[in-house]
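So in the working numbering, spot 12 of the sequence shown is number 12, and the numbers just go up one at a time.
Glycine residues also receive a C-beta, built at the ideal position from the N, C-alpha and C atoms.
Quick notes on the structure that follows.
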Amino acid sequence: MNIDTVTLVTASDEATEDLGRRLAARLRAGMVLALYGDLGAGKTVLSRGIARGLGIEEPVTSPTFTVVQEYPCPSGMLFFHLDMYRIDSEESALAFGIEEYLYAPDAVTVVEWPERIAGLLDGQGTGIVRLSHLSEGQRQIVLPAWLVSDREDNHGEKP
């Protein structure tokens, strides 16, 4: 384990969503979270939890076909949920105006499939999160240590 990352394990979609809800408390406008993981790894589930933690109650689904979903937060901030799965290049992303969503000063942005636009992501303003399946419903989530409070343990549970 890298000293700058924390590895958590969640046992269900509900636990992954709950982790996202708790992570939302650490996010501020202008931040970008880049969610890496295979199909079905839990990127959208974690995104939904982040949205819930930001106070968004409407349904949150993967924006695979729309590329971006915008949600207003009760705080006045925005939540941008981007899915780059169907984007084939950074040029394509720029053509649809991705720069309006990355590091927006009034929004938290979550990007699924960020490897498609890696050159557009600023390392200093981006939190890298890696999700993978361990077994049925169980996920391993590696995230920046700054995203996790001191009270998280290595199983994603509060002591």
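- In this structure, the CA atom of D18 is about 26 Å from the CA atom of Q124.
- Secondary structure within the segment 37-103: the beta strand (DSSP E) runs of 3 or more consecutive residues, fully enclosed, are 68-72, 78-83 (chain order).
- In the DSSP annotation of this structure, the continuous segment of the alpha helix (DSSP H) that includes A15 starts and ends at 13-23.
- According to the DSSP secondary-structure assignment, P144 is paired through a beta bridge with T5.
- Within 10 angstroms of the beta-carbon of E115 lie fewer than 16 other beta-carbons, which makes it exposed.
- For G127, the uninterrupted beta strand (DSSP E) run begins and ends at 126-135, by DSSP.
- For E115, no beta strand (DSSP E) segment is defined, and its DSSP state is neither H nor E.
- The Cβ-Cβ distance between L82 and T109 falls below 8 Å.
- When C-alpha distances from T10 are compared across L143, A145, P144, G137, the shortest belongs to G137.
- The residues T5, T7, R130, in chain order, have a CB closer than 6 Å to that of V142 in the same chain once the five nearest residues on each side in sequence are set aside.
- Setting aside the 5 residues that flank it on each side, D122 has no residue in the same chain whose C-beta is closer than 6 Å to its C-beta.
- The beta carbon of M31 sits closer than 7 Å to the beta carbons of V108, G125, G127 from its chain, once the five residues preceding and following it are set aside; these are given in chain order.
- In summary, R48 is buried, with 16 or more beta-carbon neighbours lying within 10 Å of its beta-carbon over all protein chains present.
- Burial is judged here by how many other beta carbons sit within 10 angstroms of a residue's own beta carbon; A15 has at least 16 and is buried.
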